[in-house]
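Reviewing the structure listed below.
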Amino acid sequence: MNDPIGDMLTRIRNAQQRGKSTTSTPASKLRGWVLDVLADEGYIRGYESSTDERGHPAFEISLKYFDGTPVIREVKRVSKPGRRVYMSVNDIPQVRQGLGVSIVSTPKGVMSDANARAANVGGEVLCTVF
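Counted from 1, the sequence shown has number 497 at position 118 by the numbering used here; the numbering is strictly sequential.
What follows is the structure in structure tokens.
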């Protein structure tokens, strides 16, 4: 697999389109950090560590809905393996005038765009969520 973050975001998007309450994805540190940001910002209920049927570590993601519609309306991968996108703290985009969130990988860890601005650090913009 070339793009593990893109794969995880696609699994979340597909599960919400089908109305599923949970979905699973293989576990990694970076995926866990991105899921932490999504949970802190209120886009998912949370996630738990588990193992898949072959005994490999996995994350069980609890999806969030409001009045039957998914909380995540749009999720977009910005920095891809073929084209990395790095931005300084002043250039980090606001998603839908601050209604959405950009997830940024910084030297101080993976954080939302608002937290990156508060910590005055830039980095790789992984994805945007609205």
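Just so it is clear, CB atoms sit at the ideal spot from N, CA and C, and this is done for glycine as well.
Can you find the residues in the same chain that come closer than 6 Å, C-beta to C-beta, to glycine 385, ignoring five residues on each side of it along the sequence?
Within the same chain, glycine 385 has close Cβ partners Arg456.
In three-state terms, what does DSSP make of glycine 479?
DSSP places glycine 479 in coil when its eight states are reduced to three.
Any idea if glycine 404 is buried or exposed, counting beta-carbon neighbours within 10 angstroms, 16 or more meaning buried?
Sequence inspection shows threonine at residue 404; the glycine mentioned does not correspond to that position. Buried, since its Cβ has 16 or more Cβ neighbours within 10 Å.
Thinking just about the alpha-carbon of each residue, which of Ser400, Gly398, Thr430 and Ser407 is nearest to the one in methionine 380?
Selected option, being the one with the closest Cα: Ser407.
Determine, using beta-carbon pairs with one atom in the region 439 to 448 and one in the region 471 to 485, whether at least three such pairs fall under 8 Å.
No, because fewer than three Cβ pairs between the region 439 to 448 and the region 471 to 485 fall closer than 8 Å, the two stretches do not touch.
When the Cα atoms are used, what is the spatial distance from threonine 485 to histidine 435?
Near 28 Å, if we compare the C-alpha coordinates of histidine 435 and threonine 485.
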